[in-house]
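If you read the sequence shown in this note's numbering, its first letter stands for residue 27, the second for the next number, and so on. Glycine is no exception: its CB is placed at the ideal position from the N, C-alpha and C atoms. These figures come from a predicted structure and were not determined experimentally. Taking it in order: structure first as C-alpha cells, then the write-up.
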Amino acid sequence: MSQSLNILFISSEAVPFVKTGGLGDVAGVLPKILRKMGHNVRLVLPRYYSIDINKKNIHHLPGPLGVPMGILGELWAGVYESTLPDSDVPVYFIDYEQYFGRAGIYTDEHGEGFKDNDNRFVFFSRAALQLTKRLFFTPDIVHVHDWHTAAVPVMLNTFYQHDLHLASAASVLTIHNMQHQGNFYPGLMDVLSVGWHHYHPLGLEHYGQVNLMKGGIYHANAINTVSKGYAAEIMTAEYGYGLDGVMRDRCKSFFGIVNGIDMQEWNPEKDPYLSEGFSAKDLSGKEKLKAELQKKMGLPVKPDIPVIGIISRLVEQKGIDVIAEAMPGILSMEVQIVLLGSGAPWAHFYFGGLAAHHRDKMSVVIGYNEPLAHLIEAGSDFFLMPSRFEPCGLNQMYSQRYGTLPIVRATGGLNDTVDNLNEETGHGTGFKLYYLSAKSLFDTVGWALHIYYNRKDILRNMIREAMSRDFSWERSARKYEQLYRIALKKKRGRHYRISALPEKGKKSRKKKT
Ligand code: ADP
C-alpha cells in the first residue's frame, strides 16, 4: 500500500508489557512492523498493575479521561504513555485502579475469570476510543483483538457513527482463539448502553446472553483469524464453539493471516541463549547442542538416539491427554523425550512419574523456562505438537527454523505452516497426523523415527527445507495491509480517502482504488 494509514491498535495484552499467549506477540510486534512500512500506528493497553510504570520509560498524561459506562455513569481514567521498544510507536495505558489494580490479567490465582471481566473490558474498549479525541488522532483503521476489545466495532457503529474522529474509521477484528468469547449476563447491555435493540441474534445476543465476540463479528468491517486453516475450521460446528454460523454469515469479510515469528529472537546462527550457532549449511553446532541438551536433562549423551522435544502449556487444547496415552508406546521405541511445560496438575504428576520410571529415555521439567525452551528447540531432532485445535501456533515455526522437524496434528496453523513429508519426492518439513488418537500419534512418531534411522538422505533434505522457510512478520504485515484496504472499502466505499498526513519530507501520492 503506497499511502500511509492511521492505525489504532486496541489490545488487552502486548509484549513486552504483558503477555499470556499469542495475542501478546501479535499486538507487540505487528505495530512495529507496520510502522517500519510507513504507517502511523498507536497502541492502547490496560494499565495492569503488573506493568512497572517506573521501569519502562512510561510517562503520565495530564488530566483525567472521561469514560461513559451506561448505568454506571461516567468513570474517570488516567492515561500513561510510552513507546514500543526499539520503535517510535506510541503506547497508551488506560489506568483505572478498580478494574486493573490487582494481580492477574484475566483470572485470579485459582484460574477463575474475574467476576467483573465484562465491565473491565467494556470500560477499556470505550476508554481507548475516548482517548482518540484527547490525542486528536483520526484513525483510518481501528484494529481490535479477541472478545476483550470486540465491543469496539459495536461502539464505532453506534456512539461514534457521527464522531469527528471516529465516524470514518474502519474496524478490523482479529480472532486469536474462538474458545473464549466473552459471554455475559444480559444486564451488560445497560453498561454498554448501545440500546437494547442491538440485543438480538444478529447482534450481541447469543442464547440469552451478551456475547461480545459475536457483536464484534457482526459489526466489524473485516474479520480475520491467525491462519487460513483455522479460519476454515471455525466455520464448522466442531471448532466454532457455537459461532460457526455467525462466521459463515460473515464469510465474505472473513480472512486468515498466519502470524509471523521474531526472526531475530529465534535465529539459530546467533541465539544468545545458545552456546553454539548453526545454520542449514553447517549443522555441527546443532549436534553439540543436542549433546548439551541430553546432558542438561540427565539423559545418556548419545548422538545417534533421536530426541523428541515438547514445549507446551499442558492443557487439553495441546493434545496433552493424547500424548499421555501414547507415551508408554513411544517409550518402547529407541528414542529420548524431553518435555518442558506446565498446566493441568494431573499432567505434572503423570509425566513426572513416567520420567522417573524411564530415566534413560525421558526427562521432564515442569515450569516456564525461556533459555531451556531455546535449547530444546535447537538440540532436539523432532518437536511434538499434536494440538486438538491450533489457531496459529509458534513452536512449530521455531522448530523448523532450528532444523527440528515438527510432528503435528494437521489442524489450523499447524496444517498451514508445516509441509507433510512426501516420501516419494523427499520433500517436506515435518510429519502430520490427521485423526487425533494415541494410535495415530504412535504411528506418526514411528514414521518420523523410521526416517531418522533409515533415510538420512530424506532427513537432511527436510532439515534444509525447514530451515529455509520464511516465517517473517513482514510477510504477514503485508497481508494485514491488504486486509485494512478491504476494511476501508467496506466502510467508505470504493473511492475512499485516508486520514494520515504524509510524513515530513515525503510527497503524498493520491491514488484511486
Ligand atoms: P500458545 O500460545 O497456545 O500457548 P504457541 O505455540 O502459539 O502456543 O506459543 C507458545 C509460546 O510459549 C512459545 O513461544 C513457547 O516457546 C512458549 N512456551 C510455552 N510453554 C513454555 C514453557 N514451559 N517454557 C518456556 N516457553 C514456553
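Pair within 8 Å by beta-carbon distance, residue i and residue j
i: leucine 199; j: glycine 242; result: yes
i: leucine 31; j: isoleucine 167; result: yes
i: alanine 153; j: leucine 91; result: yes
i: phenylalanine 147; j: leucine 101; result: no
i: glycine 463; j: threonine 430; result: For the record, residue 463 in the displayed sequence is serine; it is not glycine. No, these two residues do not count as a Cβ contact at 8 Å.
i: alanine 373; j: isoleucine 334; result: no
i: isoleucine 349; j: methionine 388; result: no
i: asparagine 83; j: serine 108; result: yes
i: valine 220; j: glycine 439; result: no
i: proline 417; j: asparagine 145; result: no
i: glycine 456; j: isoleucine 433; result: yes
i: phenylalanine 280; j: asparagine 250; result: yes
i: alanine 370; j: valine 341; result: yes
i: valine 105; j: phenylalanine 119; result: yes
i: phenylalanine 408; j: alanine 474; result: yes
i: leucine 49; j: aspartate 172; result: yes
i: lysine 458; j: valine 444; result: yes
Neighbourhood of residue i by C-beta distance below 7 Å, restricted to the same chain and skipping five residues each side
i: alanine 503; result: Leu56, Ile59, Leu60 and Met63
i: leucine 398; result: Leu366 and Val391
i: serine 113; result: Lys58 and Arg61
i: alanine 176; result: Val170, Leu199, Gly208, Leu238, Met239, Gly241 and Gly242
i: glycine 54; result: Ala40, Val41, Pro42 and Leu110
i: glycine 96; result: Asp216, Val217, Leu218 and Ser219
i: leucine 509; result: Val198, Ala248, Asn250, Phe281 and Ile283
Given residue i as reference, the closest of the options once Cα atoms are compared
i: aspartate 386; options: Gly519, Ala129 and Gln320; result: Gln320
i: asparagine 411; options: Gly429, Val390, Asn441 and Leu91; result: The identity of residue 411 in the sequence shown is methionine, whereas the question assumes asparagine. Methionine 411 has its Cα closest to that of Asn441, out of Gly429, Val390, Asn441 and Leu91.
i: histidine 328; options: Ala317, Met204 and Gly54; result: Residue 328 is actually lysine in this sequence, not histidine. Looking at the Cα atoms, Ala317 is the closest of the given residues.
i: valine 117; options: Phe147, Val70 and His86; result: Val70
i: serine 494; options: Tyr424, Asp469 and Leu459; result: Tyr424
i: glycine 208; options: Gly268, Glu507 and Asn448; result: Gly268
i: arginine 414; options: Thr455, Val333, Ile287 and Glu259; result: Glu259
i: methionine 488; options: Trp473, Ser219 and Leu447; result: Leu447
i: arginine 339; options: Leu157, Phe35, Met204 and Gly419; result: Gly419
i: aspartate 496; options: Trp292, Trp222, Ala257 and Gly221; result: Trp292
i: lysine 307; options: Tyr461, Ser358 and Arg490; result: Arg490
i: alanine 103; options: Leu325, Leu300, Arg276 and Glu123; result: Glu123
i: serine 498; options: Ile283, Tyr106 and Asp445; result: Ile283
i: glycine 130; options: Ile97, Asn145 and Tyr75; result: Tyr75
i: glutamine 290; options: Gln205, His400, Gly271 and Gly393; result: His400
i: glutamate 450; options: Ala352, Asp172, Leu309 and Asp483; result: Asp483
i: asparagine 421; options: Ile336, Val93 and His384; result: Ile336
i: leucine 315; options: Gly519, Tyr428 and Ser358; result: Tyr428
i: phenylalanine 163; options: Asn66, Val361, Glu302 and Met323; result: Asn66
i: tyrosine 186; options: Gln205, Lys159, Tyr132 and Asp172; result: Lys159
i: leucine 19; options: Leu228, Ile331, Gly519 and Leu157; result: Residue 19 lies beyond the stretch modelled for the chain, which goes from 27 to 539, so this question has no answer here.
i: glutamine 343; options: Asp142, His453, Tyr265 and Gly519; result: Tyr265
Nonlocal neighbours in the same chain, by C-beta distance under 6 Å from residue i, ignoring five residues either side
i: isoleucine 512; result: Ala248
i: glutamate 529; result: The pLDDT assigned to glutamate 529 is 48, lower than 50, so where the model puts this residue is not dependable; a value taken from the coordinates is nonetheless given after this. Nothing meets the Cβ criterion.
i: arginine 274; result: Met261
i: serine 38; result: His174
i: lysine 517; result: Ala196 and Asn247
i: proline 354; result: none
i: leucine 34; result: Arg68, Pro165 and Val168
i: histidine 245; result: Pro179, Val180 and Asn183
i: phenylalanine 140; result: none
i: proline 72; result: Ile120, Phe126 and Phe150
i: valine 272; result: Lys240 and Ile243
Own chain residues within Cβ distance below 8 Å of residue i, not counting five before or after
i: proline 212; result: Tyr225, Glu231, Gly234, Gln235 and Val236
i: tryptophan 222; result: Met215
i: tyrosine 460; result: Arg435, Ala436 and Ser466
i: arginine 501; result: Gly286
i: lysine 312; result: Pro294, Glu302, Phe304, Ala404, Gly405, Tyr428 and Gly429
i: aspartate 51; result: Val41, Lys45, Asn285, Asp288 and Leu420
i: serine 368; result: Arg339, Leu340, His374, Ile392, Gly393 and Tyr394
Residue i, enclosing alpha helix (DSSP H) - first and last residue
i: leucine 542; result: This structure does not reach residue 542, given that the chain is present from 27 up to 539, and the question cannot be answered.
i: arginine 501; result: 499–518
i: glutamine 156; result: 143–161
i: valine 361; result: Counting along the chain, valine 361 falls outside any alpha helix (DSSP H), and DSSP gives it neither H nor E.
i: phenylalanine 375; result: 371–383
i: valine 272; result: 270–275
Host beta strand (DSSP E) of residue i (start-end)
i: valine 391; result: 388–392
i: histidine 171; result: 167–171
i: asparagine 247; result: Where asparagine 247 is concerned, there is no enclosing beta strand (DSSP E), given that its DSSP letter is neither H nor E.
i: arginine 128; result: Per DSSP, arginine 128 belongs to no beta strand (DSSP E) and is neither H nor E.
i: serine 310; result: Careful: serine 310 lies outside any beta strand (DSSP E), inside the alpha helix (DSSP H) at 310–322.
Contact with chain C by residue i, beta-carbon distance below 8 Å
i: isoleucine 484; result: Given the protein chain composition of this structure (a single chain), no chain C is represented.
Runs of beta strand (DSSP E) lying entirely within the stretch 27–92, each at least 3 residues, in chain order: 32–36 and 66–72
Beta strand (DSSP E) runs contained entirely in the stretch 414–482, provided each spans 3 or more residues: 431–435 and 457–459
In chain order, each alpha helix (DSSP H) run of at least 4 residues that lies wholly inside the stretch 191–224: As summarised for the stretch 191–224, the continuous alpha helix (DSSP H) elements at least 4 residues long and confined to that stretch are 214–218, given in chain order.
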